[in-house]
Amino acid sequence: MTSSAHENRRDMTRDGIQGCPDDCREDGARGAGAGVVVTFAGAGNLARAQEMAARLHAPLSEHPEPDALALRLDDEGLALVGDGMELRGDLSEMLPRLRPDRLSRELLVRAARIKASALAGRAPLAVDATAGLGTDSLLLAAAGFEVTMLERDPVIAALLADALERAAGVPELAGAVGRMRLVEGDSVAALGDLGFVPDVVYLDPMFPQRRKSAAVKKKFQLLHRLERPCGERDQEELLRAALAASPRKVVIKRPAKGPLLAGAKPSYSIAGKAARYDCIVPATAGQGAE
Ligand SMILES: C[S@@+](CC[C@H](N)C(=O)[O-])C[C@H]1O[C@@H](n2cnc3c(N)ncnc32)[C@H](O)[C@@H]1O
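Using our numbering, the first residue of the sequence shown is number 80, and each one after it goes up by one.
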């Protein structure tokens with residue numbers, strides 16, 4: 080990213096979950112942590128909760144209403160709680176999928192692969208423009224990509240920063256986490272200001288039908304109270320920004336039978352039972368996008 084972009088966005092990997100200037104917010108009208116209450120467990124976490132509430136412009140409450148969506152600081156870190164459920168970013172849940180025999184068969188890893196001959200010995204560079212809780216980014220990082228993660232929702236970005244911090248202390252994850260960098264901000268702007276040319280841009284925006292799908296694990300429905308589904312205009316803007324970053328390919332995750340993102344026909348797709356990865360190889364891309 081250029082220095083001007085850095086002034087407007089926050090590199091959360093470097094700064095942890097502290098501070099974020101107002102102008103890096105995704106949606107000024109909605110407010111940073113709109114609808115979220117910050118709470119804490121144990122007096123020892125009060126100061127961090129106060130900081131988080133100030134940063135998100137969210138109210139602080141020791142005892143939020145039972146139906147409230149709350150971001151709770153506790154001794155384990157940060158959790159999103161509500162409706163009797165709790166969601167914490169936990170990258171160690173991914174460990175079984177990172178075993179080399181399984182990792183190379185992951186559809187995302189196959190879809191994102193870049194020929195070694197195109198890289199001249201350097202690591203492949205990916206931008207995950209819809210980072211969420213970072214599980215897909217972790218797959219890419221474990222497969223050797225240097226991953227820049229962009230996330231526009233400040234509450235989700237805070238949960239991801241917390242997950243990364245804890246994962247960095249897990250020996251089996253530390254190497255991959257060291258290749259992951261989180262930037263809070265909107266990808267439509269950030270992709271135009273990366274300061275490097277990525278090999279792959281990855282898009283996994285939430286589609287309207289995913290919001291209430293029975294297939295969505297119950298605790299992830301908490302997250303969907305924060306996310307806005309990606310409407311037609313958002314899809315077009317996101318894809319245009321991804322292509323404008325001049326990657327060798329754009330990889331788009333879709334439900335197996337879901338419609339194309341912004342109606343864009345892929346160069347090829349890799350499909351599984353639940354998901355499909357549409358790969359767009361721009362005509363101008365150099366060699367190497369398999
Ligand atoms: C379906 S989730 C992605 C899940 C992710 N692939 C994972 O492995 O956890 C979509 C995420 O993209 C974020 N998002 C959507 N549009 C965005 C944009 N234009 N810029 C940055 N983040 C965006 C949403 O806030 C949400 O967290």
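For glycine and all other residues, C-beta sits at the position ideal for the given N, C-alpha and C. From a predicted model like this one, the values you see are computed outputs, not experimental measurements.
Taking only the alpha-carbon atoms, compute the straight-line gap between Gly274 and Pro203 and give it to the nearest angstrom.
-> Their backbone Cα atoms lie some 15 Å apart in a straight line.
Rounded to whole angstroms, what's the CA-CA distance from Gly264 to Thr227? Just pull it up for me.
-> Cα atoms of Gly264 and Thr227: separation of roughly 12 Å, rounded to the nearest angstrom.
In this structure, does DSSP put Thr214 in helix, strand or coil?
-> Note: Thr214 maps to helix in three-state DSSP.
Can we count Asp283 as close to ligand 1, meaning its CB is less than 7 Å from some heavy atom?
-> The answer is yes for Asp283.
Since Ile235 is in the alpha helix (DSSP H), which residue starts that stretch and which ends it?
-> Element bounds for Ile235: 233 to 246.
Please name the residue, chosen from Ala354, Glu141, Arg127, Leu252, that lies closest to Gly176 on a Cα-to-Cα basis.
-> Note that residue 176 corresponds to Arg in the displayed sequence, not to Gly. Nearest C-alpha to Arg176: Leu252.
Cα separation between Ala210 and Ala221?
-> Cα to Cα, the separation comes out at about 15 Å.
Any non-hydrogen atom of ligand 1 closer than 7 Å to Val234 Cβ | Between ligand 1 and the CB of Val234, the shortest heavy atom gap is not smaller than 7 Å.
Does at least one heavy atom of ligand 1 sit under 7 Å from the Cβ of Leu229?
-> Within the cutoff, so yes.
List the whole-angstrom C-beta distance separating Ala237 from Cys358, where the pair is believed to meet the contact cut-off of C-beta under 8 Å.
-> Separation of the CB atoms of Ala237 and Cys358 is rounded to 31 Å, and the pair is thereby denied contact status at 8 Å.
With a threshold of 16 other CB atoms inside 10 Å of the CB of Val249, please say whether the residue is buried or exposed.
-> Exposed.
Kindly indicate which three-state DSSP category Ser325 falls into: helix, strand or coil?
-> Coil, per DSSP.
Would you say the beta carbon of Gly342 comes nearer than 7 Å to a heavy atom of ligand 1?
-> The answer is no for Gly342.
Can the beta-carbon of Asp278 be found less than 8 Å from the beta-carbon of Asp215?
-> Not in contact: Asp278 and Asp215 (Cβ atoms no closer than 8 Å).
Using 8 Å as the threshold, is the segment 297 to 307 in touch with the segment 179 to 189, meaning 3 or more CB pairs across them?
-> As far as the Cβ criterion goes, the segment 297 to 307 does not touch the segment 179 to 189, which means the pair count is below three.
Same chain, Cβ closer than 8 Å to Leu239, neighbours up to 5 away in sequence not counted = So the list reads Met91, Gly168, Ala210, Gly211, Leu212, Gly213, Met228, Glu230, Leu261, once near-sequence residues are dropped.
Using three-state DSSP, classify Asp180 as helix, strand or coil.
-> Assigned with DSSP and collapsed to three states, Asp180 falls in helix.
Just mark Ser196 as buried or exposed, buried being the case when its beta carbon has 16 or more other beta carbons within 10 Å.
-> Counting the other CB atoms within 10 Å of its CB gives Ser196 a total below 16, which places it among the exposed residues.
Beta-carbon contacts of Leu187 that lie in its chain and below 8 Å, excluding the five residues immediately before and after | Within the same chain, Leu187 has close Cβ partners Asp215, Leu218, Leu219, Tyr281, Val330, Lys332, Tyr356.
If you follow the beta strand (DSSP E) that Phe119 is part of, which residue opens it and which one closes it?
-> In the DSSP assignment, Phe119 falls within the beta strand (DSSP E) that extends over 115 to 119.
Under the criterion of a Cβ to heavy atom distance below 7 Å, does Gly213 qualify as lining ligand 1?
-> Indeed, a heavy atom of ligand 1 lies less than 7 Å from the Cβ.
Would you tell me roughly how many angstroms separate the C-alpha atoms of Leu139 and Leu305, rounded to the nearest one?
-> Distance between the alpha carbons of Leu139 and Leu305 is about 18 Å.
CA-to-CA distance, Ala122 to Ala205, given in whole angstroms | Rounded to the nearest angstrom, the two C-alpha atoms are 41 Å apart.
Hey, could you find the ends of the alpha helix (DSSP H) Leu302 is sitting in?
-> 299 to 303 is the extent of the alpha helix (DSSP H) around Leu302.
Taking all protein chains shown into account, do 16 or more other C-beta atoms lie within 10 angstroms of the C-beta of Gly161, making it buried, or fewer, making it exposed?
-> Burial call: buried.
Beta bridge counterpart(s) of Met407 as assigned by DSSP = No answer is possible for residue 407: it lies beyond the span of the chain, which begins at 80 and ends at 369.
Contact test: Asp265 Cβ vs ligand 1 heavy atom, cutoff 7 Å = Asp265 has its CB nearer than 7 Å to a heavy atom of ligand 1.
Would Ile193 pass as a contact of Arg307 if the rule is Cβ separation under 8 Å?
-> Annotated as distal: Ile193 and Arg307, with beta-carbon spacing of 8 Å or more.
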